[in-house]
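Residue numbers (my numbering): 1 to 430. Glycine included, each C-beta is placed from N, C-alpha and C at the ideal position.
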Amino acid sequence: MDKFRIEGGRPLEGKVTIGGAKNAALPAMAAALLTSKRVVLRNIPRVRDIITMRGLLDEMGADSSLKGERQGNRLAIHARKIPDPTAPYELVKQMRASVLVLGPLVGRFGHARVSLPGGCAIGARPINLHLKGLEKLGATISIEHGYVEARADRLQGDLFHFDTITVTGTENLMMAATLADGVTVLENAALEPEIEDLAALLNKMGADITGAGTPTIRVRGVARLEGAEHSIIPDRIETGTFLAAAAITGGHLILECAEPRHLTAVMAKLREAGVEIESRPATRGKDVTQVIEVKATGPGRAADVTTQEYPGFPTDMQAQYMALATQAQGSSVITETIFENRYLHALELARMGADITVDGRRAVVRGPTRLSGANVQASDLRASASLVLAALAAEGESVVDRVYHIDRGYERIEDKLKRLGAQIQRITED
Ligand code: EPZ
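Take a look at the structure:
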């Protein structure tokens with residue numbers, strides 16, 4: 001398993017390009033199952049989850065090709081026929097987002113067999129609402145030998161209210177509804193930018209979706225969908241992670257190809273914590289993109305954070321914020337409201353000298369504490385980002401183990417950090 005060896009204490013300086021959003025690319029790839037025509041996706045991040053999803057689609061019978069481009073990668077997916085609408089356990093257990101094939105398969109083929117994802121380090125993460133929603137649209141669902149069997153002659157549009165706001169649940173049902181007979185209304189839908197991006201792709205494919213990005217999404221079913229070309233939105237969590245990296249190392253970064261409108265809560269919280277952040281338009285070739293400049297202007301201030309569904313402070317930035325809070329003057333109270341077990345990074349940060357008390361959903365971080373380099377172990381994607389941030393700020397050498405977690409959502413993060421002045425290297429052990 002690969003590790004990172006990091007020598008901390010160096011401020012990060014320079015420019016970094018933000019990649020495409022993993023959590024927008026994954027549902028977009030699943031959406032390609034809804035049509036027999038080719039779908040071309042640009043600005044695809046080359047991260048492990050994308051490779052896993054591509055493997056799943058190929059195994060089901062879709063053709064795909066991936067080629068590098070100036071900004072990101074170009075992924076073409078052609079699901080002419082899907083002889084075997086099955087998502088096997090071996091792939092789903094690697095990446096729970098595989099459940100995103102469920103809606104498209106039932107919507108287009110009337111049949112899907114998808115392994116239940118099982119638990120994960122940060123929580124139980126059931127998919128009961130995905131299944132309840134498909135049943136409301138007329139699918140018959142059975143659970144056999146750890147697999148969900150979903151069947152429907154043709155889904156029927158209906159009203160479905162989500163008891164809990166769920167990102168992939170909203171995405172699954174929105175995709176399934178595009179080919180249903182009649183109109184579907186999804187109430188209490190997730191508002192994430194990734195939902196809007198998926199709806200934009202689906203509408204380019206000929207779907208009729210309104211309201212994406214609001215709590216009520218309306219989908220008028222159509223007979224079939226066509227191919228399309230779409231560029232994935234920037235990754236707002238990678239953006240937030242680099243903002244935190246500049247702050248925790250006392251550095252100064254320019255983030256290119258970012259979308260500041262997708263992380264207003266994160267930027268507001270970091271400004272409250274004393275970080276200087278400003279965004280401005282920039283031209284990159286013929287494209288007008290956004291640039292975010294971030295500068296640490298002295299010791300940070302403590303600031304409380306409660307994670308919430310979008311547009312609130314994202315749970316996917318909680319671990320990174322916790323690392324930063326260890327350097328702030330005062331106590332920061334962090335409340336995690338989305339997942340029940342998302343503090344595994346706290347124990348590892350404590351091994352580096354952090355003063356953190358976890359009590360159920362709440363964690364109190366007392367700062368500033370001097371962090372010293374240590375051997376630490378990553379437990380999940382965002383926890384590993386948190387440990388890398390802490391190691392960049394710590395005195396001396398750290399070794400972060402099990403970095404395959406970080407490779408799931410960050411494209412060669414060590415190369416990006418090295419170019420910004422970090423002393424980081426990947427140790428590959430077979
Ligand atoms: C998405 O996961 C993201 N993954 C997660 O990012 C992110 O942390 C999460 O949304 C919350 O923002 C992708 O988009 C691929 P949920 P998802 O369904 O959709 C409960 C990362 O780091 N729930 O919004 O699986 C659930 O237990 C990953 O990139 C049900 O009870 O999360 C949780 O408490 C980690 N029943 C809450 O809803 C259901 O049927 C939110 O989960 C579905 C969800």
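Per-residue burial, residue i [other beta carbons within 10 Å of its own, 16 or more giving buried]
i: residue 15; result: exposed
i: residue 379; result: buried
i: residue 103; result: buried
i: residue 281; result: exposed
i: residue 81; result: exposed
i: residue 60; result: buried
i: residue 290; result: buried
i: residue 221; result: buried
i: residue 240; result: buried
i: residue 193; result: buried
i: residue 416; result: buried
i: residue 288; result: exposed
i: residue 404; result: exposed
i: residue 223; result: exposed
i: residue 419; result: exposed
i: residue 159; result: exposed
i: residue 128; result: exposed
i: residue 65; result: exposed
i: residue 195; result: buried
i: residue 425; result: exposed
i: residue 296; result: buried
In DSSP terms, what residue i is bridged to
i: residue 364; result: 333 and 357
i: residue 121; result: Note: residue 121 sits in no beta bridge, so no partner.
i: residue 156; result: 181
i: residue 412; result: Residue 412 is not bridged to any residue.
i: residue 167; result: BP columns for residue 167 are empty, so no partner.
i: residue 14; result: 253
i: residue 216; result: 187
i: residue 87; result: 114
i: residue 382; result: BP columns for residue 382 are empty, so no partner.
i: residue 42; result: 231
i: residue 376; result: 400
Collapsed DSSP secondary structure at residue i in the structure displayed
i: residue 147; result: strand
i: residue 187; result: strand
i: residue 371; result: coil
i: residue 37; result: coil
i: residue 427; result: strand
i: residue 432; result: This structure gives no information on residue 432, because the portion of the chain shown stretches from 1 to 430.
i: residue 92; result: helix
i: residue 141; result: strand
i: residue 259; result: coil
i: residue 206; result: coil
i: residue 224; result: coil
i: residue 81; result: coil
i: residue 20; result: strand
Start and end residues, alpha helix (DSSP H) containing residue i
i: residue 249; result: 236–249
i: residue 59; result: 48–60
i: residue 77; result: Careful: residue 77 lies outside any alpha helix (DSSP H), inside the beta strand (DSSP E) at 73–78.
i: residue 406; result: 404–407
i: residue 420; result: Careful: residue 420 lies outside any alpha helix (DSSP H) and carries neither H nor E.
i: residue 270; result: 264–272
C-beta neighbour in chain D for residue i, strict 8 Å
i: residue 216; result: Judged by its chain identifiers, the structure shown contains no chain D, having just a single protein chain.
N-terminal and C-terminal residue of the beta strand (DSSP E) that residue i is part of
i: residue 64; result: 63–68
i: residue 434; result: The shown model of the chain, from 1 to 430, leaves out residue 434, and the question about it has no answer.
i: residue 400; result: 397–401
i: residue 127; result: Where residue 127 is concerned, there is no enclosing beta strand (DSSP E), given that its DSSP letter is neither H nor E.
i: residue 281; result: 275–284
i: residue 7; result: 3–7
Any non-hydrogen atom of the ligand MG within 7 Å of residue i CB
i: residue 409; result: Because the ligand MG does not appear in the structure shown, any question about it cannot be addressed here, the ligands present being the ligand EPZ.
At which residue ranges does the segment 288–351 contain complete beta strand (DSSP E) runs of 3 or more residues, listed in the order of the chain?
330–335
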